[in-house]
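Data first, discussion second: the structure below is written as structure tokens.
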Amino acid sequence: MKLNERHLMQLAAVLDAGGVSEGAAMLGLTQPAVSRSLAMLEARVAEPLFVKGRRPLQATPLGAQLAVQGRAIIAASRRASDAVQGFVRGTTGLVRVGGVPFFMDAMISRMIGEFQQHEPGITVQQSYMNLPEIAAALEAAQIDLGIVPIGVLDLGPGFEFTEILPGRNIVSCRPGHPLMRKRPLEAQDLTAYPWVAPLPGSPLMSDLQMILMSIGMSDLNIRYSGGSLMSVVNVLAETDALAVLPFSVVFALRKENRIAVLPYDIPQPNRSLGILRRVNVARAPAAERFAGHVISAFDDLKHVIKRHENAVIWGNAGS
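First residue of the sequence shown? That's 90 in my numbering, and the numbers climb one at a time after it.
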């Protein structure tokens, strides 16, 4: 036997309000309309739903059971309405973000945590990707936004890039590294120690090649490759290895005091970190809210990073 869900909702409202008129007002309906619905429901089940002569209205055992289901329908309807309103406001929903590993681990993951403190109704689904994978995932609608460093490369009119942090790379090492005490630092000093290679496909790999060219070398002694950011930090902290890293990543890890900036100025890529999104497509309000949070966080952070950078006395890349 199939029952009309609206009739069950009206039954629950009438019993909870204590009368037909009151229940109708609760649902925004007229008293005659609700009375007709209840009569139709009684005819459908062929049993009385109310104890005769009781005021306020009292349900029969069957009426009470059906009212339980009606309350569940009302509650589900309200949750659905809340979900719609939350989606439109951007306070509920799913945000799918792809990003380059080192930036995601060092900076963006912390911002995700801060964001979810204020927006507990939003779920964030993160994927590690480099630029080609991010562009493909955006085109396939598999992610909502990408956080990636981009240079002069033109991705075409289908994409929008919002810069959040100017690019700046440095050579990193452990704080007690012998080169931290050497003055002046010279190009050949960088070749006397082993290196950690960036992740395959990372923009840092091409940056490492630029460093090689600047110091007149065709090859470096690569002793470790393929690791996560934590793995790279662990290797640097325990050895005399060097690695090229974004300055902002080292800045984000400064309180741990496990890696430091080697004050040797290296060639800089024409690249900035930013948010990559598709244009002319519907954007999830929650994703736009998250993007706004990241942009605002970097607006506050990049000035502090710049002050930290200006405090470093850089050597000459051409020395």
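Just so it is clear, CB atoms sit at the ideal spot from N, CA and C, and this is done for glycine as well.
{"Check": "Buried/exposed call for ALA230, threshold 16 Cβ in 10 Å", "Outcome": "exposed"}
{"Check": "PHE411 and VAL184 closer than 8 Å at C-beta", "Outcome": "Residue 411 is absent from the structure shown; the chain starts at 90 and stops at 408."}
{"Check": "Cβ contact (3+ pairs, closer than 8 Å) linking the segment 312 to 323 and the segment 363 to 370", "Outcome": "no"}
{"Check": "Cut-off 8 Å between Cβ atoms - residues of its own chain near LEU311, not counting five sequence neighbours on either side", "Outcome": "Looking at the sequence itself, residue 311 is Ile, so the reference to Leu does not match. Excluding residues within five positions, the ones whose Cβ falls inside 8 Å are PRO283, TRP284, VAL285 and ALA286."}
{"Check": "Nearest neighbour of HIS207, chosen from VAL333, THR181 and PHE250 [CA to CA]", "Outcome": "THR181"}
{"Check": "Integer-rounded CB distance, given that PRO190 should sit under 8 Å from LEU104", "Outcome": "Not a contact, Cβ separation roughly 57 Å."}
{"Check": "Straight-line gap, ARG366 to ARG396 (C-alpha atoms, nearest Å)", "Outcome": "30 Å"}
{"Check": "Host beta strand (DSSP E) of PHE387 (start-end)", "Outcome": "Run containing PHE387: none in the beta strand (DSSP E); it sits in the alpha helix (DSSP H), 374 to 399."}
{"Check": "Beta carbon of PHE139 nearer than 8 Å to that of PRO374", "Outcome": "no"}
{"Check": "Simplified DSSP state of GLY407, which is helix, strand or coil", "Outcome": "Only weak support is given to the placement of GLY407: the predicted model assigns it a pLDDT of 45, under 50, and the value that follows is read from those uncertain coordinates. Reduced to three states, the DSSP call for GLY407 is coil."}
{"Check": "Terminal residues of the beta strand (DSSP E) in which GLY188 lies", "Outcome": "182 to 188"}
{"Check": "Given GLN277 as reference, the closest of MET306, HIS392, MET299 and LEU244 once Cα atoms are compared", "Outcome": "MET306"}
{"Check": "VAL338 and ALA195 closer than 8 Å at C-beta", "Outcome": "yes"}
{"Check": "Extent of the continuous beta strand (DSSP E) run through GLN277", "Outcome": "Taken as a continuous stretch (DSSP letters only), GLN277 belongs to no beta strand (DSSP E), as it is neither H nor E."}
{"Check": "Closest Cα partner of SER303 within the set PRO273, ARG343, ARG263 and TYR353", "Outcome": "TYR353"}
{"Check": "Spatially closest choice to LEU234 from VAL401, LYS91 and GLY363, by CA coordinates", "Outcome": "GLY363"}
{"Check": "Chain-order list of residues whose beta-carbon lies under 7 Å from that of PRO238 (same chain, five-residue window excluded)", "Outcome": "VAL189, GLY256, PRO292, ARG360, SER361 and LEU362"}
{"Check": "Distance between ARG133 and LEU97 (C-alpha atoms, nearest Å)", "Outcome": "12 Å"}
{"Check": "First through last residue of the alpha helix (DSSP H) which encompasses PHE336", "Outcome": "336 to 341"}
{"Check": "Spatial neighbours of ARG95 in its chain, beta-carbon cut-off 8 Å, leaving aside the 5 residues before and after", "Outcome": "SER126"}
{"Check": "Straight-line gap, VAL333 to ALA161 (C-alpha atoms, nearest Å)", "Outcome": "58 Å"}
{"Check": "Beta-carbon proximity check, ILE236 vs MET193, cutoff 8 Å", "Outcome": "yes"}
{"Check": "Close Cβ partners of GLN205 (< 8 Å) along its chain, the five nearest in sequence each way excluded", "Outcome": "ILE211 and VAL213"}
{"Check": "LEU411 to GLN215 span [Cα, whole Å]", "Outcome": "One cannot answer for residue 411 here, as it falls past the ends of the chain, which runs 90 to 408."}
{"Check": "Within 8 Å, strictly: CB atoms of ALA122 and ALA113", "Outcome": "yes"}
{"Check": "Beta-carbon proximity check, ILE253 vs ILE384, cutoff 8 Å", "Outcome": "yes"}
{"Check": "Separation of GLY265 from LEU274, as counted between CA atoms", "Outcome": "15 Å"}
{"Check": "GLY152 classed as buried or exposed, judged by whether at least 16 other C-beta atoms fall within 10 angstroms", "Outcome": "buried"}
{"Check": "First and last residue of the uninterrupted beta strand (DSSP E) at ALA148", "Outcome": "Note, ALA148: premise wrong, no beta strand (DSSP E); not H, not E."}
{"Check": "3 or more residues per run - each beta strand (DSSP E) lying fully within the segment 249 to 319", "Outcome": "258 to 262 and 311 to 313"}
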